[in-house]
Amino acid sequence: MSSSSATTRILIKGGKVVNDDVTQEADVYIENGIIMQVGEGLMIPGGAKVIDASGKLVLPGGIDTSVHLQQTFMNATTVDDYYSGTKAALAGGTTMVIGHVLPEKNESLLEAYEKTRSQADSKACCDYALHMGVTWWGPKVRAEMESLVRDKGINSFQMFMAYKDLFMLRDSELFQALQNCKDIGAVARVLAENGELVAEGAKEALDLGISGPEGIEISRPEEAHCPIYLVNVSSMSAGNVLATAKMQGKVVHGETTTAHAVLNGLQYYHQDWAHAAAYVTVPPLRLDPNTPNYLMSLLGNDTLNVVVSDHRPFTTKQKAMGKDDFTKIPHGVPGIQDRMSVIWERGVVGGKMDENRFVAVTSSNAAKIYNLYPRKGRIIPGADADVVVWDPEGTKTISVDNQVQGGDYNLYESLRCHGVPLVTISRGRLVYENGVFTCSEGSGKFYPLRTFPDYLYKKMVQREKCYVFYYVAVMHSGKKDCGPCDGDTPTRPHTKHGGQRDLHESSFSLSGSQIDDKTPKRSSARILAPPGGRSSGIW
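Numbering (UniProt numbering), first residue to last: 1 to 539.
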């Protein structure tokens with residue numbers, strides 16, 4: 001049966017549909033690339049291909065928001081292009097990827113974008129989108145960012161605090177780039193390393209005679225802070241900063257990679273140089289063996305929002321360019337195919353998250369952050385038919401010998417995983433079933449992304465409105481200084497003339513303090529015996 005005839009109408013019967021917030025027994029009917037019905041006892045037209053999902057889970061297709069395909073980096077070109085890379089993604093249950101465009105210094109962002117589109121459009125087997133790297137700064141970059149957002153379907157820009165003399169922006173440039181992202185409603189992604197310290201650390205390590213792969217960890221200390229969208233969170237200290245920021249109510253999100261959530265930096269001290277070099281990535285894997293377990297816990301409790309593969313595969317021969325100098329080892333590890341199974345094994349089977357949270361960190365949260373939701377990342381009528389039939393009891397042993405992704409090694413070699421994708425459906429096309437591919441090169445589509453995703457901007461916009469109301473009220477009150485507003489919710493404006501108050505602007509406080517109270521009460525003041533009797537609780 002041909003791919004086109006097999007994917008016009010599909011009925012998935014007898015499975016459990018898993019979204020990020022609920023699991024339900026339901027059938028799923030797909031027609032012309034769209035999920036048409038979800039429920040039991042569906043009335044559907046004849047001629048549908050029936051997939052028996054009894055005892056299986058039906059998940060939204062995975063969304064991998066950081067992959068590097070057909071990309072030249074550190075004098076080496078990744079071994080996967082948009083054909084082999086997206087094919088491997090489909091084999092692992094991922095139905096959409098977001099790749100990276102990294103312009104050279106002084107290169108036009110628009111020209112770099114067009115070059116990547118020309119490489120990907122004819123090869124991708126699944127839907128894809130693109131992040132744009134801001135690798136230099138000037139009026140032209142600012143203008144081209146606006147053009148990319150307006151005309152080219154780009155809604156995210158990545159800035160670098162690392163890679164000195166290559167991608168790193170100065171602090172003033174970074175500030176302007178972040179401000180521009182805010183103005184145009186884009187997602188600001190920041191690789192938060194201190195490029196100056198990394199450069200000095202690398203020099204110090206080399207001066208000490210440390211030239212092997214272990215130098216990558218020594219030269220990059222853990223501390224990293226960024227209040228926007230942290231990419232590749234790698235350490236416990238960075239996770240703690242993120243958790244603290246979230247508890248303070250800051251609008252901050254973070255991602256980690258499969259490798260950082262599963263592996264540790266002891267690999268860099270392996271006696272086999274090629275083995276050690278295979279794990280070289282940035283940020284590096286951390287030496288503390290407790291770090292992966294901690295990062296997986298942060299994924300489970302919503303401190304970290306997304307897990308990505310950060311797939312950037314190089315061969316052992318390419319890594320050997322740094323045989324005598326670790327700073328010349330191309331940074332990057334493979335993982336586009338194994339991301340979902342490895343996270344299921346260590347996250348769900350390991351007791352760190354349930355199946356709903358698994359869907360959140362591998363699909364739904366990414367869809368929300370990049371303004372794809374609920375078109376993607378959720379199984380509901382009207383959504384794109386990106387669906388995976390997942391066997392939670394099935395097992396596979398990961399090996400380089402049977403991988404689809406490129407490269408001559410696998411970081412998770414011999415890892416036995418429970419939880420495997422049996423069927424992958426991309427935009428209503430049956431593209432992978434029980435190890436057999438029915439996808440064709442170039443059958444995927446570029447997916448333009450809209451700006452101002454509610455998941456990131458809705459809260460920020462509302463806060464800005466509140467602050468505007470507050471400062472206007474202060475200005476009209478004639479007061480020079482009302483003191484700092486420590487909380488996220490500013491105090492409401494003054495009562496209007498005539499004693500009438502707009503209740504929608506109320507900021508009632510249990511402490512009794514209001515901005516227009518002539519005699520504010522202290523927060524510790526309590527009425528011990530109010531009318532109606534004494535109360536020992538809040539109410």
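Using N, Cα and C, we set each Cβ at its ideal position, and we do this for glycine too.
Asked                                                                                                             : Found
Lys458 burial status per 10 Å Cβ neighbour count (16 or more: buried)                                             : exposed
Whole-angstrom distance between Val50 and Leu11, CA atom to CA atom                                               : 5 Å
Touching by the beta-carbon criterion (3+ pairs, under 8 Å), the region 306–325 and the region 376–383            : no
Where Asp151 falls, given that 16 or more other Cβ within 10 Å makes a residue buried                             : exposed
Residue burial classification, Val389 (beta-carbon count within 10 angstroms, cutoff 16)                          : buried
Cutoff 7 Å; reference Leu287; Cβ partners in own chain excluding five residues on either side                     : Glu217, Asn264, Gly265, Leu266
Spatial neighbours of Glu433 in its chain, beta-carbon cut-off 6 Å, leaving aside the 5 residues before and after : Val423
Straight-line Cα distance separating Gly92 from Lys417                                                            : Correcting the residue identity first, residue 417 is Cys in this sequence and not Lys. In a straight line, the C-alpha of Cys417 is about 12 Å away from that of Gly92.
Start and end residues, beta strand (DSSP E) containing Thr23                                                     : 23–25
Through-space distance from Phe358 to Thr303, alpha-carbon basis                                                  : 14 Å
Buried/exposed call for Pro292, threshold 16 Cβ in 10 Å                                                           : buried
CB contact below 8 Å: Cys439 versus chain C                                                                       : Among the chains in the structure shown there is no chain C, since it carries only a single protein chain.
beta-carbon Ala188 near the ligand MN non-hydrogen atom, thresh 7 Å                                               : For the ligand MN, the structure offers nothing, since it holds no ligand at all.
8 Å contact criterion, which Ile98 and Met132 should meet: CB distance rounded                                    : The Cβ separation is near 11 Å, so there is no contact.
Beta-ladder partner(s) of Ala129, from DSSP                                                                       : Ile98
Coarse secondary structure for Glu393, derived from DSSP in three states                                          : strand
contact_flag[the region 329–348, the region 274–290] where n(CB pairs < 8 Å) is 3 or more                         : yes
Neighbour-count burial assignment, Met96, 16 or more Cβ in a 10 Å radius                                          : buried
Rounded Cβ spacing between Asp80 and Phe446 (contact assumed at less than 8 Å)                                    : About 18 Å separates the two Cβ atoms, so there is no contact after all.
CB contact flag (Lys376, Ile63, <8 Å)                                                                             : yes
Endpoints, the beta strand (DSSP E) within which Phe175 is located                                                : Where Phe175 is concerned, there is no enclosing beta strand (DSSP E), although the alpha helix (DSSP H) it sits in stretches over 171–184.
For Ala124 and Thr65, believed in contact at Cβ under 8 Å, the rounded distance                                   : About 15 Å separates the two Cβ atoms, so there is no contact after all.
Thr362 burial status per 10 Å Cβ neighbour count (16 or more: buried)                                             : buried
Local Cβ density within 10 Å of Val252, reported as buried at 16 or more and exposed below that                   : buried
Thr258 beta carbon less than 8 Å from that of Val307                                                              : yes
Stretch pair the region 386–401 + the region 37–45: three plus CB contacts closer than 8 Å                        : no
Beta-carbon gap between Leu285 and His260 smaller than 8 Å                                                        : yes
Buried/exposed call for Arg170, threshold 16 Cβ in 10 Å                                                           : exposed
When Lys16, Asn402, Arg429 are compared against Ala88, the one with the closest alpha-carbon                      : Asn402
Where Lys13 sits in the DSSP three-state scheme                                                                   : strand
Neighbour-count burial assignment, Pro448, 16 or more Cβ in a 10 Å radius                                         : exposed
Proximity below 8 Å, CB of Gln70 to CB of Gln24                                                                   : no
Unbroken alpha helix (DSSP H) run spanning Glu433, endpoints                                                      : Careful: Glu433 lies outside any alpha helix (DSSP H), inside the beta strand (DSSP E) at 429–433.
Under 8 Å between C-beta atoms of Gly347 and Gly300                                                               : yes
Boundaries of the beta strand (DSSP E) in which Ala421 is found, first to last residue                            : The sequence shown places Pro at residue 421, rather than the Ala named in the question. Note, Pro421: beta strand (DSSP E), 416–426.
Inter-residue CB distance, Ser27 and Lys13 (contact presumed, cutoff 8 Å)                                         : With the sequence shown as reference, residue 27 is identified as Asp, and Ser is not the correct amino acid for it. Asp27 to Lys13, Cβ: 5 Å. Contact.
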